[in-house]
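Heads up, the sequence shown is in the numbering used here, so the first residue is 12 and it goes up one at a time. Worksheet: one structure, shown below.
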Amino acid sequence: MNWVQLRSGLAAVALAALAACGGGKGQIEPFVPTRLVSFGDEHSLLTADGKRYGVNGLKSGTTTGEIDCTANPMWVQALTSHFGLVLAQCNPENKPVTAFLRGSIGAKVADVKAQIDQQLASGSVGPKDLLVINVGFYDVLEAYQQFPTRSEGELTGLMQQRGRELAAQVNRLANANGRVVVLTVFDAGLTPAGLNEKATKTDTDRAALLTRLTNAFNVAMRLALIEDGRLIGLVLADETITTAVRFPSAFGYTDVKQAACTVDLPNCTTATVRSEVGTNVWLWADGLHLGAAGQNLIGNAALTRATNNPF
Numbered sequence: 012m013n014w015v016q017l018r019s020g021l022a023a024v025a026l027a028a029l030a031a032c033g034g035g036k037g038q039i040e041p042f043v044p045t046r047l048v049s050f051g052d053e054h055s056l057l058t059a060d061g062k063r064y065g066v067n068g069l070k071s072g073t074t075t076g077e078i079d080c081t082a083n084p085m086w087v088q089a090l091t092s093h094f095g096l097v098l099a100q101c102n103p104e105n106k107p108v109t110a111f112l113r114g115s116i117g118a119k120v121a122d123v124k125a126q127i128d129q130q131l132a133s134g135s136v137g138p139k140d141l142l143v144i145n146v147g148f149y150d151v152l153e154a155y156q157q158f159p160t161r162s163e164g165e166l167t168g169l170m171q172q173r174g175r176e177l178a179a180q181v182n183r184l185a186n187a188n189g190r191v192v193v194l195t196v197f198d199a200g201l202t203p204a205g206l207n208e209k210a211t212k213t214d215t216d217r218a219a220l221l222t223r224l225t226n227a228f229n230v231a232m233r234l235a236l237i238e239d240g241r242l243i244g245l246v247l248a249d250e251t252i253t254t255a256v257r258f259p260s261a262f263g264y265t266d267v268k269q270a271a272c273t274v275d276l277p278n279c280t281t282a283t284v285r286s287e288v289g290t291n292v293w294l295w296a297d298g299l300h301l302g303a304a305g306q307n308l309i310g311n312a313a314l315t316r317a318t319n320n321p322f
């Protein structure tokens, strides 16, 4: 048998198998959620009046500093915008609300468990629910603040435990038949606050310690997730931000080390950033939070995962 005959035979077998499964009429349908629920800390939160914990955009022509909740969107808004879902905190056209932010300021893994408890107590989740989780950053900071009273080895073990606890909550939602997108924690050692710790405390490289604690959390979480490739989509926020820091010019950044805002979050706007920011692109809003471009990076990564995962 020559190669042409062999390929023809294999094609016939494939077509027969496809027919046995019901034909070729779109066996894989795009995932289109009808509801989004977000769990986590303020990195995934808007205030009641639409402010994000980053750099807020202003309405065109405003003379009073009026916020445009659709400008400089935080990462969850990339998902709601793509899927046509509506947040109560950013609903200028007063449409029916279909996306819900359950997060809270400074939330840690234990707080997300409580958020999920409350969500499940109020009703079930299903295959048309997109459930997004971004937490662990404050678990890392909490552990770091215990150094050197507690050894790095002890704190690494604590981070591994917290990572596994987060995975248990992700798996819990998946087992409840939800479709979950979970973010790894971006490297706390790369934040302006982390770099300041390195500069002001010389007992060890404090930024590197934060990096190792972050990594311990992320690795443990990833290893404990259900690995069926269908119910859970993993977004590597840590790798996304680390790559931007290492190669800033490739992403259009002019600064990846300093904080842009001159006022506390969530009140920072494009009118209250440092004068040297101008039209330049800075990665960080303040010592711990991403600016608009950083949120956009995470949002794009999450959207890619949500649309390409075989939910």
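Ideal Cβ positions, reconstructed from N, Cα and C, are used throughout, including at glycine. None of the values given here were measured: they were computed from a predicted structure.
Legend entry - 8 Å Cβ shell around SER55 - same chain, five flanking residues per side excluded: SER49, MET85, TRP86, VAL87, LEU112, GLY114, VAL143, ASN145
Inset, instruction - Can you grab the Cα-Cα spacing for the pair ALA328 / THR215, in whole Å? - result: There is simply no residue 328 to check, as the chain begins at 12 and stops at 322 in what is shown.
Legend entry - The alpha helix (DSSP H) enclosing ARG183, as first and last residue numbers: 163 to 186
Inset, instruction - Measure the Cβ-Cβ separation of CYS279 and ASN67 and say whether it is below 8 Å. - result: yes
Inset, instruction - Report the rounded CA-to-CA distance for ALA313 versus ALA304, giving the unit in angstroms. - result: 14 Å
Legend entry - First through last residue of the alpha helix (DSSP H) which encompasses GLN10: The structure shown has nothing for residue 10, since the chain only spans 12 to 322.
Legend entry - Three-state secondary structure assigned by DSSP to ALA219: helix
Inset, instruction - Would you identify the three-state DSSP class for ARG190, choosing helix, strand or coil? - result: strand
Inset, instruction - Quick one: grab the DSSP three-state call for ALA261. - result: helix
Inset, instruction - Kindly indicate which three-state DSSP category GLY302 falls into: helix, strand or coil? - result: coil
Inset, instruction - May I have the straight-line CA-CA distance separating GLY134 from ILE127, to the nearest angstrom? - result: 11 Å
Inset, instruction - State yes or no: is the C-beta of VAL136 within less than 8 Å of the C-beta of GLU176? - result: no
Inset, instruction - Report back the beta-carbon spacing between VAL256 and VAL196 to the nearest angstrom; my notes put them in contact at under 8 Å. - result: That belief does not hold up - the Cβ atoms of VAL256 and VAL196 are roughly 15 Å apart, past 8 Å.
Inset, instruction - Confirm, please, whether the CB-CB distance from PRO44 to LEU184 is below 8 Å. - result: no
Inset, instruction - Grab me the residues of GLN171's own chain with a C-beta within less than 6 Å of its C-beta, minus the 5 sequence neighbours each way, in chain order. - result: ALA227, ALA231
Inset, instruction - Write down every uninterrupted run of the alpha helix (DSSP H) in the region 206 to 250 whose length is 4 residues or greater and which is fully enclosed by it, in chain order. - result: 217 to 235
Legend entry - Proximity below 8 Å, CB of PHE42 to CB of ARG190: yes
Inset, instruction - Determine the DSSP secondary structure at ARG316, reduced to helix, strand or coil. - result: helix
Inset, instruction - Over the uninterrupted beta strand (DSSP E) stretch that includes ALA110, give me the two end residues. - result: 110 to 112
Inset, instruction - Out of GLY302, ASN320, THR315, point me to the one whose CA is closest to GLU53's CA. - result: GLY302
Inset, instruction - Taking 8 Å as the threshold, find out whether the region 239 to 250 comes into contact with the region 263 to 277 through three or more Cβ pairs. - result: no
Inset, instruction - Tell me, to the nearest whole angstrom, how far the beta carbon of GLU163 is from that of LEU220; I am working on the premise that it is less than 8 Å. - result: 7 Å
Inset, instruction - Identify whether ALA82 lies in helix, strand or coil by the three-state DSSP scheme. - result: coil
Inset, instruction - Out of SER71, GLY61, GLY117, ALA132, state which residue places its alpha-carbon closest to the alpha-carbon of PRO103. - result: GLY61
Inset, instruction - Consult DSSP for ASP140 and reduce its assignment to one of helix, strand or coil. - result: strand
Inset, instruction - Give every residue of the same chain whose Cβ lies closer than 7 Å to the Cβ of LYS124, excluding the five residues on either side of it in the sequence, and list them in chain order. - result: GLN180
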